[in-house]
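S.K.: Just so it is clear: in the sequence shown, position 266 is 266 by UniProt numbering, and no numbers are missing. Note that the Cβ used here is the ideal one computed from N, Cα and C, for glycine as well. These numbers come from a predicted model, not from an experiment. Have a look at the structure that comes next, please.
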Amino acid sequence: MKQLLEKHFGKFWLAVVFAFLYLPLMFMIVFSFNSTRQDARFTGFSLRWYEALTRDTKIVEGFWLSLKVATVTGLLSAVLATFAAFVLVRYRRFLGRTIFSGMVNAPLVMPEVVIGLSLLLLAVGAQNAFGWPQRGMLTIILGHTLLGMAYGMVVIQSRLMEMNRSIEEAAMDLGARPMQVFFLVTLPNIFQAILAAFLLAFTLSFDDVVIAEFLSGPGVNTLPQVIFGYARRGINPTIYAAATLLITTVTIVIVSYAVWVARSTRRREREIAAALKS
């Protein structure tokens with residue numbers, strides 16, 4: 001018995017962890033198809049809450065706002081994270097490097113409440129001084145970009161550190177200029193990391209409620225804000241339906257990305273093997 005326990009303890013512990021993480025989601029998905037508002041007993045299969053979801057203008061408008069904010073945030077975060085990671089990895093010594101590195105990494109360890117409050121004070125001060133920006137979609141995007149850029153930079157920085165510099169040096173020996181080397185050699189090699197940074201920033205933005213709560217204006221509410229507002233007023237199975245659709249969409253995107261990365265990796269390995277043989 002002891003040997004059996006030692007042999008399968010890791011698998012058992014992994015199963016417990018996965019059950020702790022995903023069983024609540026499974027219960028929520030099941031009760032999104034419940035025929036009544038009961039949250040403790042399944043009374044029958046029904047799609048009434050999905051029908052109610054399509055008629056809920058707050059959730060629909062919040063979803064489209066969150067989608068637009070997350071898309072713009074992901075793009076801005078990926079671009080800025082790429083530049084920041086490239087500077088920190090390729091330029092080891094320059095004036096203010098320590099301060100720059102600390103400022104870029106600060107959002108990783110700073111509570112979101114502190115970030116949201118600081119950005120709120122900055123937005124209010126800028127609005128009083130210049131009359132711009134009005135709190136709304138723009139300020140939410142700027143706040144989410146600050147957070148997403150920090151996480152994206154970690155992903156891209158790790159890829160740049162493990163990248164073989166000899167490829168870039170060979171391109172420069174063949175006459176390529178630094179800008180050409182970056183766009184024709186470096187960028188394709190770190191593209192997967194940039195895409196991962198985009199998806200990470202997109203997910204963080206779509207999921208965030210704290211920063212959005214500080215930076216949103218009147219009548220501007222993202223989907224997490226709408227769901228959080230409904231949850232404070234009691235159980236609403238429409239939230240279960242919305243969350244189920246989000247989980248399904250995210251799962252499809254993650255699986256599709258994993259399959260694409262796996263195929264790209266195998267194709268690159270075959271090309272490298274063929275080049276070595278020739």
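Consult DSSP for R189 and reduce its assignment to one of helix, strand or coil.
M.R.: Residue identity differs from the one stated: residue 189 is Asn in this sequence, not Arg. Three-state result, N189: helix.
S.K.: Since G148 and T73 are thought to touch, with beta carbons under 8 Å apart, how far apart are those beta carbons, to the nearest angstrom?
M.R.: Indeed, because the Cβ distance is near 5 Å, the residues count as touching under 8 Å.
S.K.: How do the stretch 142-156 and the stretch 178-198 stand: do at least 3 beta-carbon pairs fall below 8 Å, yes or no?
M.R.: A contact exists between the stretch 142-156 and the stretch 178-198.
S.K.: Should E162 go down as buried or exposed, given a rule of 16 or more other Cβ atoms within 10 Å for buried?
M.R.: E162 is exposed by the Cβ-count criterion.
S.K.: Does the Cβ-Cβ distance between Y257 and A201 come in under 8 Å?
M.R.: No. Outside cutoff.
S.K.: V26: which of T244, T249, R268 sits nearest, CA to CA?
M.R.: Looking at the sequence shown, residue 26 is not Val but Met. Closest option to M26, Cα to Cα, is T244.
S.K.: With a threshold of 7 Å (Cβ to nearest heavy atom), would T244 be considered close to the ligand GTP?
M.R.: Ligands in the displayed structure: none, and consequently the ligand GTP is not present.
S.K.: Here's a check: name, in chain order, each residue in its chain whose Cβ is nearer than 6 Å to the Cβ of G136, leaving out the five neighbours to either side.
M.R.: The answer, listed in chain order, is G217, V220.
S.K.: Taking a contact to mean a Cβ-Cβ separation below 8 Å, would you say L120 touches F18 in this structure?
M.R.: Against a cut-off of 8 Å, the Cβ pair of F18 and L120 comes out as no contact.
S.K.: With H, G and I counted as helix, E and B as strand and the rest as coil, what does DSSP make of N128?
M.R.: If DSSP states are grouped into helix, strand and coil, N128 belongs with the helices.
S.K.: Rounded to whole angstroms, what is the Cα-Cα separation between G44 and D56?
M.R.: Using only the alpha carbons, I get a separation of about 23 Å.
S.K.: Unbroken alpha helix (DSSP H) runs of length 4 or more, entirely within the stretch 191-275: which are they?
M.R.: For the stretch 191-275, whole alpha helix (DSSP H) runs of length 4 or above, ordered along the chain, are 191-207, 210-215, 223-232.
S.K.: CB-CB under 7 Å to T36, same chain, minus the five flanking residues each way: which ones, in chain order?
M.R.: Once the five neighbours on either side are set aside, the close Cβ partners of T36 are T43.
S.K.: Let me check understanding here. Comparing Cα to Cα, which of W64, L122, Q180 lies closest to Q225?
M.R.: When only C-alpha atoms are compared, the closest one is W64.
S.K.: Can you tell me the Cα-Cα spacing of A81 and S46, whole angstroms?
M.R.: Cα to Cα, A81 sits roughly 45 Å from S46.
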